[in-house]
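**Q**
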Amino acid sequence: MLLSLLSPFVFFYSRRIIAVMNPFQNQGFFMLKTRRRQFVSLLLIASLCHAEEPAAPKPDLKTDAKSDSPTAAASATESALPAFPLKSEWFSHIADTMPDDKTYGDETEAQQIEMHALEDVLVAVNASPEAHLKKSVREIEKKGSFRALMKDAELYRGSVVQIRGLLENSERFPIPENKSSITEPFRGQISNISGQIFSFISIERPPQELLKHPVRLTGVFIKRYAYKNRLAGEKLTWTPLLVVKKVEAFSEADVASPPMSKTTAMLVAFAMVALFVRIYWKMNKQTTKGLTGNPFTKLKNRIADKKSTKKPAPPKPLIKPDSEPGGPAELNSKS
């Protein structure tokens, strides 16, 4: 701004300098030198004044818009949640090798739960809302949840899986102090329709009214786990072990049916057409059989057949009169 105010003076002095320049007189060179000094001084003062007035910073509209948008806030909140499949350095220390014979094994190792690995899983599950856990559910292959988790435990370890079944039992399961601040979770088992058993550790206590009722588990698979069953000889039952936030009631009505594929729709349509044709053919056959099997209809048909096959009776012979009225001629002649 100051530079714009000084510009007329700069223009004036520059014209004076040009006007007094005379290459043939020493006085002109002296005046030129004097005017040049004044001109340079004015320019220096103007530049200093201009440097003292810094430009006002422009607001970053993009940054403000991003920080104020609800999408950015939701993204920031979601990024703060634990990521699944969960990674932990302690997963490599888990010992859950299952023997070939599932009826026996190393009881101590089979029933152990590695505390550091369990601690990391408890922290992640406790910090995750139920909606975040359900959103992170990993689909299990068609060979079945039990078989997949027991066969490929290393592949699914740390992943969120969802299991449905009947709540068999639950009990308090105290654990040592840890960084999750959870020391009294609950341990229990559920069984699916095939009779397969799944073990779980729940942060919240399962409601007692859900015992022997359908429930759903949504949690992190941690290892193959064995417990002593009720059979003679203290044999072990091997199960997948999940760490869940809670045990929730389940109903088949809560499960959305998957959309029907084109192939399935074509097969259903073909089956319906074939069924319709068979029903029509069967009804038509029964109708025909019913008409021919009616006793009155049979009698009527039999009479009609007899009439058509009966030979006509021979015609009666014609009797001609002997003579004129009055009797035979012989009798008339005798009289």
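680 is the number that this note's numbering gives the last residue of the sequence shown; the numbers go up by one with no jumps.
We treat Cβ as the ideally placed atom computed from N, Cα and C, and that holds for glycine.
Reducing DSSP to helix, strand and coil, say where L581 ends up.
**A** Within the sequence shown, residue 581 is the residue found at index 236, counting from 1. In the structure shown, L581 sits in a strand (DSSP, three-state: E or B).
**Q** Determine which residues share a DSSP beta bridge with I546 and list them.
**A** Indexing the sequence shown from 1 puts residue 546 at position 201. In DSSP, I546 forms a bridge with R532 and V588.
**Q** Taking the alpha helix (DSSP H) that A462 belongs to, which residues open and close that run?
**A** In the sequence shown, the residue the question calls residue 462 occupies position 117. Run containing A462: M460 to A472, per the alpha helix (DSSP H) assignment.
**Q** With S515 as the anchor, note down where its beta strand (DSSP E) starts and where it stops.
**A** Position 170 of the sequence shown, counted from the first residue, corresponds to residue 515. V505 to R517 is the span of the beta strand (DSSP E), which, as asked, contains S515.
**Q** Would you identify the three-state DSSP class for I527, choosing helix, strand or coil?
**A** In the sequence shown, residue 527 corresponds to position 182, counting from 1. Three-state result, I527: coil.
**Q** Residue range of the alpha helix (DSSP H) that R492 falls in?
**A** Walking along the sequence shown from the start, residue 492 turns up at place 147. Element bounds for R492: S490 to K496.
**Q** Name the two residues that bound the continuous beta strand (DSSP E) containing A440.
**A** For the purposes of this step, residue 440 is taken as the residue at position 95 of the sequence shown. Where A440 is concerned, there is no enclosing beta strand (DSSP E), given that its DSSP letter is neither H nor E.
**Q** Determine the direct distance from the alpha carbon of L612 to that of L587, and round the result to whole angstroms.
**A** Position 242 of the sequence shown, counting from 1, holds the residue named residue 587. Position 267 of the sequence shown, counting from 1, holds the residue named residue 612. L587 and L612: Cα-Cα distance of roughly 39 Å.
**Q** What first and last residue would you give for the beta strand (DSSP E) that runs through A476?
**A** Indexing the sequence shown from 1 puts residue 476 at position 131. No beta strand (DSSP E) contains A476, which is instead part of the alpha helix (DSSP H) from E475 to K480.
**Q** Considering only residues of the same chain and omitting the five flanking positions on each side of E397, which have a CB-CB separation below 8 Å?
**A** Position 52 of the sequence shown holds residue 397. Because the pLDDT at E397 is just 49, under 50, the model does not fix this residue reliably, and the point stays unresolved.
**Q** For the pair the region 547-562 and the region 501-519, tell me if three or more CB-CB distances fall below 8 Å.
**A** Yes, the region 547-562 touches the region 501-519.
**Q** Could you check the C-alpha separation between S326 and G489 for me, to the nearest Å?
**A** Absent from the model: residue 326. The displayed extent of the chain is 346 to 680, so no value can be given.
**Q** Please work out which residues of its chain come closer than 6 Å, Cβ to Cβ, to H438, disregarding the five sequence neighbours upstream and downstream, and give them in chain order.
**A** Along the sequence shown, one-based indexing puts residue 438 at 93. These residues qualify, in order along the chain: E459.
**Q** Going by other Cβ atoms of all chains shown within 10 Å of its Cβ, with 16 needed for buried, is K568 buried or exposed?
**A** Working through the sequence shown from its first residue, we reach residue 568 at position 223. Classification of K568: buried, given that the 10 Å Cβ count is 16 or more.
**Q** Skipping 5 residues on each side, what residues in its chain have a beta carbon closer than 8 Å to that of M590?
**A** As a working mapping, residue 590 is identified with position 245 in the sequence shown. A small fix is needed here, since residue 590 is Lys in this sequence, not Met. Once the five neighbours on either side are set aside, the close Cβ partners of K590 are V470, N471, S473, E475, L478, S547, I548, E549, T563 and G564.
**Q** Near F436, which residues of its chain fall below 7 Å by C-beta distance, leaving aside the five closest residues on each side in sequence?
**A** Mapped onto the sequence shown, residue 436 falls at position 91. Only A462, R502 and G503 meet the Cβ criterion.
**Q** With a threshold of 16 other CB atoms inside 10 Å of the CB of R647, please say whether the residue is buried or exposed.
**A** For the purposes of this step, residue 647 is taken as residue 302 along the sequence shown, with counting starting at 1. Exposed.
**Q** How is L426 classed by DSSP in three states: helix, strand or coil?
**A** Within the sequence shown, the letter at position 81 stands for residue 426. If DSSP states are grouped into helix, strand and coil, L426 belongs with coil.
**Q** What is the rounded straight-line gap between the Cα of F595 and the Cα of Q507?
**A** Looking up residue 595 in the sequence shown gives position 250. Looking up residue 507 in the sequence shown gives position 162. Roughly 12 Å between the two C-alpha positions.
**Q** Within 10 angstroms of its Cβ, does L406 collect 16 or more other Cβ (buried), or is it exposed?
**A** Numbered from 1 along the sequence shown, position 61 holds the residue referred to as residue 406. Note that L406 scores a pLDDT of 47, beneath 50, so its modelled location is shaky; the value from the coordinates is reported in the next line. L406 is exposed by the Cβ-count criterion.
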